[in-house]
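In this note's numbering, the protein residues as written are 17 to 334.
Quick reminder that beta carbons are idealized off the backbone N, C-alpha and C, glycines included.
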Ligand code: SF4
């Protein structure tokens, strides 16, 4: 559970939410019984919702194939949805004491600096080198879990990307980068990934204190509730939005904001709208928005429409 939560979310945020997750889903069987919507709902605000869907799918496989017990075998761990080499290595070494390596950004940096390796640690060759080094280290370790955790912790707190605290480092006497004075240049920064820009025309209808939402079936927010929207490469007219969305009416935009994901910058344009009566929407009371599985971007859309999240937004009557 903690490894799934920690993939791309900061430790402090996970630490706040972890007890609640364990209370609601104390075992894989309990998670399967609760269903994927309950996991998505608990995940709200943590981003990268694919992890929540994978975690539930992994719980299903653990129950179906492994009798409800998390497997200790590396191959069986790797066959769980959402579990890659890093997570499998973390569980195998920290939970089951196996001599399995783990490499994250922190470990890659420490290993690169120890060897004063000047090439990128992010490309295929660099990653392969890091995994090989980590494998050698953990094979020689008495306590593989503690060794892996120590490497990650050293990278997070001492051997930091900028201004590493070499004077406080227990490995300073064996560090190639420190000896060469190159610790600020190793490893070289990875070239920036291309960020795609898209526009979401989000359509908000609020009636009798309830807002119209629909469950996404694909994309980043798949499985989550959100106001209906139309994705386009650039902004289009209200008439075009209406034609593409199937809404009965689409009014002029009342709020705009940018939402950044890992590979996309989404420019949200929020319109008051109305939908045909036969459209299958979920009418969620506004006061209950905090307790349903709504995408955080979708929540911002509703708040912007109500004038809570965007200073210049007009206020919709709730
Ligand atoms: S001596 Fe400095 S550069 Fe080398 S591992 Fe320690 S903190 Fe990192």
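Contact between the segment 115-135 and the segment 79-86 is absent, with fewer than three C-beta pairs closer than 8 Å. If you look at residue 308, you'll find it isn't in any alpha helix (DSSP H); DSSP assigns it neither H nor E. Between residue 280 and residue 212, the CB-CB gap stays under 8 Å.
Out of 121, 290, 55, the CA that lies nearest to the CA of residue 229 is found in 290. For residue 298, the uninterrupted beta strand (DSSP E) segment begins and ends at 298-301. In the displayed model, residue 176 falls within coil according to three-state DSSP, outside both helix and strand.
In this structure, residue 300 sits away from residue 240, with a CB-CB distance that is not shorter than 8 Å. Between the beta-carbon of residue 105 and that of residue 67 there is about 17 Å, and that puts the pair past the 8 Å contact cut.
Membership of residue 285 in any alpha helix (DSSP H) is not indicated; the residue belongs instead to the beta strand (DSSP E) covering 280-290.
At least one heavy atom of the ligand SF4 sits closer than 7 Å to the Cβ of residue 199.
Along the length of the segment 127-167, whole alpha helix (DSSP H) runs at least 4 residues long occupy 140-155, reported in chain order. Only buried fits residue 149, as 16 or more other CB atoms lie within 10 angstroms of its CB.
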